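Under the working numbering, the first residue of the sequence shown carries the number 331, and numbering increases by one thereafter.
For glycine and all other residues, C-beta sits at the position ideal for the given N, C-alpha and C.
Please read all numbers here as calculations on a predicted model, not as lab measurements.
Okay, so here's the structure we're looking at.
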Amino acid sequence: MSGENNFVNQKIATTAVHAGEVHDPSGSHINPIHQTSTFIFENSEHIESWGTGQRDAY
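Take a look at the structure:
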């Protein structure tokens, strides 16, 4: 899809999914996948012992 207003010949569902989409100036065709993790620690001592390798964070 080149150009800003290519929604003229699309159904409302397609327009809704792609509305507000910003295209990457480098030409990438897909959005990046950001892989992240969340950890919960009991307290700051637990974080410190995990950071030094003395304790697991499972």
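query: Residue range of the alpha helix (DSSP H) that GLY381 falls in?; result: 374-381
query: In the DSSP assignment, find the unbroken alpha helix (DSSP H) run with HIS364 in it and report its ends.; result: No alpha helix (DSSP H) holds HIS364; DSSP gives it neither H nor E.
query: Could you give the first and the last residue of the continuous alpha helix (DSSP H) run that contains ILE370?; result: Counting along the chain, ILE370 falls outside any alpha helix (DSSP H), and DSSP gives it neither H nor E.
query: Please list, in chain order, all residues of the same chain as GLN384 whose beta carbon is under 6 Å from its beta carbon, the five residues on each side excluded.; result: none
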